[in-house]
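Report on the following structure.
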Amino acid sequence: TKFRLKKEMVIPRNYFLPALSLEAQERMVPLLIYCVSVTLGVSTLITVHQPPFVITVLGNDVIMPCHISSDDTLSPPVLYWEYPDRTKLWPPSEKFKQRVDRVDENKQSLNKSIILKNVQWVDSGNYLCKLSVLTAETKIPYRTKGNETRLIIYGKKKKNGCCMVVVFF
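167 is the number that the UniProt record's numbering gives to position 167 of the sequence shown; each next residue is one higher, with no gaps.
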């Protein structure tokens with residue numbers, strides 16, 4: 001197969017690496033994209049830090065931590081928080097409206113934590129902090145994410161001294 005660079009110029013698909021099969025060339029595409037990204041400076045180290053788990057009592061408010069670190073100046077990143085079924089916590093979906101706030105409203109802040117209010121049993125599960133980032137130097141957008149935080153909720157102590165503990169794995 002061939003592709004056209006200009007109307008008058010036709011180049012075979014395997015022109016760039018004629019010694020490799022088309023399948024091998026197609027497998028190299030991700031590597032080539034990475035190399036171009038590094039050359040353009042997209043390799044800026046931006047790390048999203050999330051703890052592996054957070055424990056809270058049923059009915060309490062809980063902070064879901066998310067902090068970013070960067071070796072470059074960032075334009076304010078766009079923040080997304082997702083619940084296991086991919087429901088958006090931030091910006092809040094209908095399910096979480098009136099129950100979620102940002103800890104720090106300053107968009108320049110590296111603290112991207114949220115507060116989940118009045119925690120219920122159904123809130124147990126893994127939460128993911130994701131960012132759309134634009135570095136000041138390169139102006140090339142990309143996404144990065146944390147490693148998920150598992151929210152573990154336990155019940156309040158009952159009058160008879162017994163408690164209910166629910167842990168989801």
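Ideal placement from N, C-alpha and C gives every residue a C-beta, glycine not left out. Remember, predicted model here, so these are calculated numbers, not experimental data.
Option in the options with minimal Cα separation from residue i
{"i": "Glu-105", "options": "Val-78, Val-62, Arg-143", "result": "Val-78"}
{"i": "Ile-114", "options": "Tyr-80, Gln-120, Lys-156", "result": "Tyr-80"}
{"i": "Leu-134", "options": "Ser-93, Arg-86, Ile-63, Ser-70", "result": "Ser-70"}
{"i": "Lys-107", "options": "Pro-51, His-67, Ile-153, Val-57", "result": "His-67"}
{"i": "Arg-86", "options": "Thr-47, Asp-123, Val-48", "result": "Asp-123"}
Nearest-angstrom Cα separation, counted from residue j out to residue i
{"i": "Lys-112", "j": "Asp-61", "result": "17 Å"}
{"i": "Asn-126", "j": "Ile-55", "result": "12 Å"}
{"i": "Pro-76", "j": "Asn-147", "result": "21 Å"}
{"i": "Asn-118", "j": "Lys-139", "result": "39 Å"}
{"i": "residue 176", "j": "Phe-53", "result": "For the chain, the structure presents residues 1 to 169; residue 176 sits outside this window and is missing."}
{"i": "Arg-143", "j": "Leu-116", "result": "24 Å"}
{"i": "Gly-155", "j": "Leu-131", "result": "33 Å"}
{"i": "Leu-110", "j": "Glu-82", "result": "18 Å"}
{"i": "Arg-99", "j": "Leu-45", "result": "32 Å"}
{"i": "Met-64", "j": "Leu-128", "result": "10 Å"}
{"i": "Trp-121", "j": "Gly-59", "result": "9 Å"}
{"i": "Pro-51", "j": "Thr-149", "result": "6 Å"}
{"i": "His-49", "j": "Arg-102", "result": "16 Å"}
{"i": "Lys-88", "j": "Lys-95", "result": "9 Å"}
Delimiting residues of the beta strand (DSSP E) encompassing residue i
{"i": "Tyr-142", "result": "141–145"}
{"i": "Trp-81", "result": "78–82"}
{"i": "residue 213", "result": "A query on residue 213 cannot be resolved here, the shown segment of the chain reaching from 1 to 169 and no further."}
{"i": "Leu-116", "result": "114–116"}
{"i": "Ser-109", "result": "Per DSSP, Ser-109 belongs to no beta strand (DSSP E) and is neither H nor E."}
{"i": "Val-100", "result": "100–102"}
{"i": "Val-57", "result": "53–57"}
{"i": "Thr-150", "result": "This sequence places Arg at residue 150; Thr is not what is there. Segment 149–154, the beta strand (DSSP E) holding Arg-150."}
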